[in-house]
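In our numbering, each residue carries its 1-based index in the sequence shown increased by 814.
These notes are about the structure you will find just below.
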Amino acid sequence: MLKPVRMKKLSAVILEEKKDDVLRELKERGIIQLIDTSNINEFRYLELSSVPSSWVRARASEYLARVDNILETFKSDKGSSILGNFLEEKVEKIQVLETSPSSLFEEVEDRLRGVADRTAKISSRLESIKKEKEELDNARATLSILQKLGVAPKDLEGYRLLRVQVGIIPSKEFKNLEKDIEEITKDYLLYSSELDNRNSVVLLTFFKEHEAEITKILRIHRFEEIQIPSRIRGYGSEEASSKIESEVAGVEKEEKGLLEELWEIAAKEKNKLLQIRELLKVEEFLDGASTLFGKTAKTYVLNGWVPSSQVDEAVDTIQKSSD
């Protein structure tokens, strides 16, 4: 059962040059919830200036998005994101020399540029492969339907006077469709094969002069024409099947190679990217937290809530990081 924690309000006045040091330590310890000084009545008489958000926060957020995008690009062979796996790991801590936000962002830009270019190129190709595999699956399914009727893609085109259509229709509509077509013309061929419990696949051949009328009839009976994918048009059944399986094997091999390349990049860049991510989060926090302070000419006024049991720790942290 969760119990409420007794909290105490803590206020501190910090020299301007020590503000970031204090904030870094407080963030590291996670023992204070900062509050907006401008909303505290007892400080209004001091006529403190508010601290606006600067360009640093916006730039840090921009780079954070880029880092997360790179991490999100790394995929496992099951297609799950490994960003979550990365973030579950404890980021390896390194000693960082104090530097300006501008210098940090320059270093981040240099690091991300090469990695981002490689991962973006791989990611783009993987997306293309995903679409190709979907198209191949569609071609395979279409060929399977045609085989139920004993026809091949090449049997459906190349006629000057005839129109050949293959499509799916609710089985209960078949007899009525046949009856309505006969009222238009006796010169037609209509074959069907059961597709499932509800639907049938049909092959309809008729003279093109009746196309407009028959098209209307087909709509009435909920006929859905099957579009033959361009990659198998003009092929026999065995040729089309062989072509599809060959292309599937090719894209799957390429996909495997690209995923392996991504894992190599991940293994090399993971720790550095996560360290960069932490540094950017600190910069984002520092700038965002500063907007909650009140400001005089040379000092900042900090206010926040601290668990009663950790007040001494918070005070000690502020004092040591202000020395």
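In this text, a Cβ means the ideal position worked out from N, Cα and C, and glycines have one as well.
Distance CB(residue i)-CB(residue j) smaller than 9 Å
{"i": "VAL1096", "j": "ILE1042", "result": "no"}
{"i": "GLU1038", "j": "ILE983", "result": "yes"}
{"i": "ALA1128", "j": "ILE936", "result": "no"}
{"i": "ARG838", "j": "SER1122", "result": "no"}
{"i": "VAL806", "j": "LEU1093", "result": "Shown here, the chain extends from 815 to 1137; a query on residue 806 therefore has no answer."}
{"i": "ASP850", "j": "LEU1106", "result": "yes"}
{"i": "THR1110", "j": "LEU840", "result": "no"}
{"i": "ILE1090", "j": "LEU862", "result": "no"}
{"i": "GLU1098", "j": "LEU878", "result": "yes"}
{"i": "PHE1020", "j": "TYR1005", "result": "no"}
{"i": "ALA1054", "j": "LEU957", "result": "yes"}
{"i": "ILE785", "j": "LEU975", "result": "For the chain, the structure presents residues 815 to 1137; residue 785 sits outside this window and is missing."}
{"i": "VAL1112", "j": "LEU829", "result": "In the sequence on display, residue 1112 carries Lys and not Val. Contact: yes."}
Cβ-based burial, residue i [other Cβ within 10 Å; buried from 16]
{"i": "TYR1114", "result": "buried"}
{"i": "LYS833", "result": "buried"}
{"i": "SER895", "result": "Note that SER895 scores 47 on pLDDT, short of 50, meaning its location in the model is unreliable; the coordinates nonetheless yield the value given after this. With fewer than 16 Cβ atoms within 10 Å of its Cβ, SER895 is classed as exposed."}
{"i": "LEU901", "result": "In this prediction, LEU901 has a pLDDT of 47, which is less than 50 and means its spatial position is unreliable; what the coordinates show is noted afterwards. Result: exposed."}
{"i": "VAL802", "result": "Since the displayed the chain opens at 815 and closes at 1137, residue 802 lies outside it and no answer follows."}
{"i": "ASP891", "result": "For ASP891, the pLDDT reaches just 43, beneath the cut-off of 50, and the residue's location in the model is therefore unreliable, leaving the point undetermined."}
{"i": "SER938", "result": "exposed"}
{"i": "GLN1133", "result": "exposed"}
{"i": "THR999", "result": "exposed"}
{"i": "VAL910", "result": "In this predicted model, VAL910 has a pLDDT of only 49, less than 50, meaning its place in the structure is not dependable enough to derive any value."}
{"i": "PRO967", "result": "buried"}
{"i": "GLU1083", "result": "buried"}
{"i": "VAL870", "result": "buried"}
{"i": "SER1060", "result": "exposed"}
{"i": "ALA874", "result": "buried"}
{"i": "LYS1086", "result": "exposed"}
{"i": "VAL827", "result": "exposed"}
Host beta strand (DSSP E) of residue i (start-end)
{"i": "ASN1117", "result": "1113 to 1121"}
{"i": "ALA826", "result": "821 to 829"}
{"i": "ASN1013", "result": "1013 to 1021"}
{"i": "VAL980", "result": "976 to 984"}
Cβ separation of residue i and residue j, assumed to be a contact under 8 Å, to the nearest whole Å
{"i": "SER1007", "j": "LEU960", "result": "Between LEU960 and SER1007 the Cβ distance is about 10 Å, and since that is not below 8 Å, they are no contact."}
{"i": "GLY806", "j": "SER867", "result": "The question about residue 806 has no answer here: the residues shown for the chain are numbered 815 through 1137."}
{"i": "GLY1118", "j": "SER852", "result": "That belief does not hold up - the Cβ atoms of GLY1118 and SER852 are roughly 14 Å apart, past 8 Å."}
{"i": "ALA953", "j": "ILE1058", "result": "5 Å"}
{"i": "VAL836", "j": "SER1136", "result": "6 Å"}
Span of the alpha helix (DSSP H) around residue i
{"i": "SER1007", "result": "Not the alpha helix (DSSP H): SER1007 falls in the beta strand (DSSP E), residues 1002 to 1008."}
{"i": "LEU840", "result": "833 to 843"}
{"i": "ARG1045", "result": "From DSSP, ARG1045 is part of no alpha helix (DSSP H); its letter is neither H nor E."}
{"i": "ASP931", "result": "915 to 963"}
{"i": "PHE988", "result": "988 to 998"}
{"i": "GLU876", "result": "869 to 887"}
{"i": "ALA966", "result": "Segment: none, ALA966 is in no alpha helix (DSSP H) and carries neither H nor E."}
{"i": "ASP1126", "result": "1125 to 1136"}
{"i": "THR1029", "result": "1025 to 1034"}
Notebook entry, point to check: Are the segment 941 to 961 and the segment 1049 to 1066 in contact at 8 Å, needing three or more beta carbon pairs?
Noted result: yes
Next item on the list: For the segment 985 to 998 and the segment 1013 to 1025, state whether three or more C-beta atom pairs, one from each stretch, are separated by less than 8 Å.
Entry: yes
Notebook entry, point to check: Three or more C-beta pairs closer than 8 Å, one from the segment 1020 to 1037 and one from the segment 969 to 979: is that the case here?
Noted result: With a cut-off of 8 Å on Cβ pairs, the segment 1020 to 1037 is in contact with the segment 969 to 979, counting three or more such pairs.
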